[in-house]
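Worksheet: the structure to be examined is printed underneath.
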Amino acid sequence: MLDKIDRKLLALLQQDCTLSLQALAEAVNLTTTPCWKRLKRLEDDGILIGKVALLDPEKIGLGLTAFVLIKTQHHSSEWYCRFVTVVTEMPEVLGFWRMAGEYDYLMRV
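Counting with the UniProt record's numbering, you get residues 1 to 109 for the letters of the sequence shown.
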């Protein structure tokens, strides 16, 4: 169960994952050891699963983001596996999701 301190640590890391252990500890009024133990537990429990760098899309030549809605008549697991393989090999595809409703997939390019 997450308490108030855990939630604050997670919020801080979501804003800036480069914060030092000291800075995080000070922000939640803990010393570094208990702060580190909390972070370790959050990792061990699978709550904190990674740290990423956010890129400026325009500065790397990706100034336009488009969302593509996909409708298909194919719903077998074999077709889905092939679709995932093909889509993940496309460098233009930044993400894709299976949906419920009129369309089957949403792709971000």
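Idealized CB from N, CA, C, for every residue including glycine.
Query	Result
Given I60 as reference, the closest of D16, A11, Q22, E92 once Cα atoms are compared	E92
Straight-line gap, K4 to L55 (C-alpha atoms, nearest Å)	30 Å
C-alpha distance - A27 paired with D44, whole-angstrom precision	22 Å
Buried/exposed call for L9, threshold 16 Cβ in 10 Å	buried
Residues bridged to M107 (per DSSP)	V68, F96
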